[in-house]
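Notes to accompany the following structure.
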Amino acid sequence: MTKEREWIAGYLFILPSIVLLAILVFYPLIITFLYSLSDMSLTSTRYLGWMAYQRLFQNKMLSLIFKNSVIWTVFVALFQLLLGLGSALVLNKAFIGRSLLRGIVILPWVMPGVVTAMVWRLIYDPQLGLLNHYLKALGIIDHYLTWLSTPSTALYAVIFSAIWKGFPFSTLMYLAGLQGVPPELYEASEIDGAGDWNRFLHVTLPSMRPIITTTLLFTFIWTFNYFELIYVMTGGGPSEKTHIFPTYIYDLAFKRFRFGNASGFAVVDFLFLLIFSLIYVRLSTKRGGLE
Amino acid sequence: MMRGKRRGMVVLHAVFAFLLATFVLFPFAVMLSMSLKAPDEQFTSPPYLIPHRPTMENYIEVFGQGSMFARYFLNSILVAFGTTVVVLGVSIFSSYGYARLAFPGKSVLFTLLLLSQLFPLAAIIVPLYRIMSQAGLIDSFFSLIVGYLAFSVPVGVWLLRSFFLGIPRDLEEAAVIDGCTRMQAFWKIVIPLARPGIGATAAYILFITWQEFMFALTFITTQNKRTLPVGIFDFVGQYETNWGNLMAASILICIPVFILFLFVQKQLVGGLTEGAVKG
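Same order as they appear, the protein sequences are chains A and B. The numbering used here applies: residue 19 is where the first sequence begins, and numbers increase by one. The numbering used here applies: residue 405 is where the second sequence begins, and numbers increase by one.
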């Protein structure tokens, strides 16, 4: 096949997906950006230009949502990393029932998000929930707590369920990573007389760096934009304490019909993730994390 | 001393494995337990995990008179399969293009595809909603399927590309030397070899559309067109939630995806990890 014919074939092959993405993703994104320059609502639309962003950045809600989003994402991504690594190490050793446990560990990730949210609502329920009952039996709390409607606990309660829901993805990635560590490296460290901990630190972790770097970025982006868990568990409450970008954008648009404002939040969300990912990829390429 | 240490490690490992299993399974136990409890057992204080008189009542009620659950199930199947068919049709070609063919601008276009994963769906839902209502599509399965393409096509292309990259190039080249056209080589050599990967991709698309919530909540306004993730809210009353029915319904929603995963787990995990490493 000549070069030109291969070019044409290539463009023809990718054309359907390009057209679909242009209509369904990039065109709406541009519209969202245009909306963000106005104060569009159901009743009126006024073009504000960059003034809209000046207003947005003076909006106290933006800093609150940003703070919530960062706390939520950092905790969830970090604990998914730790729990993912830990469980992958447990599942990488041969033992009776290993393949059964491997199958079981994936289940939370496969459970639909809305179902997960409902089950955790039941667990946290002040009267019907088993969490209060067990914690009281263990003497950790002395009265039943309203986990999801108390401002100081709500965000951490949803964070805990999100960790549970998502960590199996990290487990899967790190299990695959562990199987890719060259056995010679382990043998060499054995000869050097390195202990288990040292071997983990100096052999396992460095060879898994690329996969950890990528997985962490994935979980960060997914968590930052994860909608239904929080939306179903708390709806953003109590008093906006658990609102993150996607839930707040949705509320602004479809409950308060402030489309312009909602679009502004959406643009900030996108730009933040874009800049974050660029810095992340650059830093990790420098340190040999990604190709 | 070495032996003592080794035994200690085995015990420690068993303890960790047990803790892991408990942590993962506890919410499933809660769900199952509540789904098997009759109303008088659901609201006891303090609550307990093991039902004293397990009953299938809730499962029967979920499908019983006045319940739309069976309808929602059908709707979900329709939308999930509809989306998956379109996504596969589009992304088999596109992913092959990205994996194998050389053309200018390829990496830019592929980067754009990946960039589309960076914004929340909430960022495009307002314009999409307006496009759909102007086209008179709101409140139809078609609007849901089209909306779902926005996030499932990039994922489909990205996953399938990693499967295609895993097929040795020599096979196609040999076929071309033997007189096949590139297109014949694609259909007769590459597609059959990629079948496990295509199956895994289809399963993943089914899995993400089966549970999609935001578009389903927004685009569908008539009750009998709802899909499961939204329909399940029928059991959540304004003042009181029917927990027994809700948890029975939840288990029923989980079962199809769990079965699906059982079959494709190995291929899917391979595709996800390969895809992640190869960008």
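Note that beta-carbon positions come from the ideal geometry of N, C-alpha and C, so glycine has one too. Remember, predicted model here, so these are calculated numbers, not experimental data.
The straight-line gap separating the alpha-carbon atoms of residue 214 of chain A and residue 94 of chain A is approximately 28 Å. For residue 154 of chain A, same chain residues with a beta-carbon under 8 Å away, outside a window of 5 residues either side, are 160, 161 and 162 in chain order. For the region 496-526 of chain B, the set of positions with a beta-carbon nearer than 8 Å to some beta-carbon of chain A reads 497, 498, 500, 501, 502, 505, 506, 507, 508, 510, 513, 516, 517, 519, 520, 521, 522, 523, 524, 525 and 526 in chain order. Unbroken beta strand (DSSP E) runs of no fewer than 3 residues, entirely contained in the region 225-289 of chain A, are not found. If you draw a straight line from the Cα of residue 664 of chain B to the Cα of residue 124 of chain A, it comes to about 13 Å. Not a single CB atom of chain B sits nearer than 8 Å to the CB of residue 159 of chain A. The C-alpha of residue 136 of chain A lies about 43 Å from the C-alpha of residue 510 of chain B. Here residue 197 of chain A is exposed. Its C-beta has fewer than 16 other C-beta atoms within 10 Å.
The same chain holds no residue with a CB closer than 8 Å to that of residue 417 of chain B once the five nearest residues on each side in sequence are set aside. By the C-beta density criterion, residue 264 of chain A is buried, having at least 16 other C-beta atoms within 10 angstroms. Exposed is the label assigned to residue 453 of chain B, since fewer than 16 other Cβ atoms lie within 10 Å of its Cβ. Spanning the alpha carbons of residue 41 of chain A and residue 632 of chain B requires a straight line of approximately 27 Å. Taking C-alpha positions only, residue 219 of chain A is separated from residue 191 of chain A by approximately 18 Å. Close CB contacts of residue 171 of chain A within its chain, under the 6 Å cut and outside five residues either way in sequence, are with 165 (chain order). At the C-beta level, residue 506 of chain B and residue 28 of chain A come within 8 Å of one another. Between the alpha carbons of residue 209 of chain A and residue 202 of chain A lies a distance of about 11 Å. Listed along chain A is no residue with a C-beta nearer than 7 Å to that of residue 572 of chain B; the closest approach is about 19 Å. The C-beta separation of residue 35 of chain A from residue 547 of chain B comes to about 20 Å, leaving the pair out of contact by the 8 Å criterion.
Here residue 419 of chain B is exposed: its Cβ has fewer than 16 other Cβ atoms, across all protein chains shown, within 10 Å. For residue 658 of chain B, a Cβ of chain A is located within less than 8 Å of the residue's own Cβ. The region 458-477 of chain B and the region 607-621 of chain B do not touch, with fewer than 3 CB-CB distances between them shorter than 8 Å.
Between the beta-carbon of residue 176 of chain A and that of residue 251 of chain A there is about 5 Å, and that keeps the pair under the 8 Å contact cut.
Of B:438, B:421 and B:427, the smallest CA-CA separation from residue 645 of chain B is found for B:438. Close partners of residue 175 of chain A in chain B (Cβ separation under 7 Å) are lacking, with about 13 Å as the shortest Cβ gap. Proximity to residue 620 of chain B across B:581, B:648, B:532 and B:560 peaks at B:532, based on C-alpha coordinates. For residue 121 of chain A, the uninterrupted alpha helix (DSSP H) segment begins and ends at 116-128. By the Cβ rule, the region 51-62 of chain A counts as touching the region 267-284 of chain A, because three or more pairs are nearer than 8 Å.
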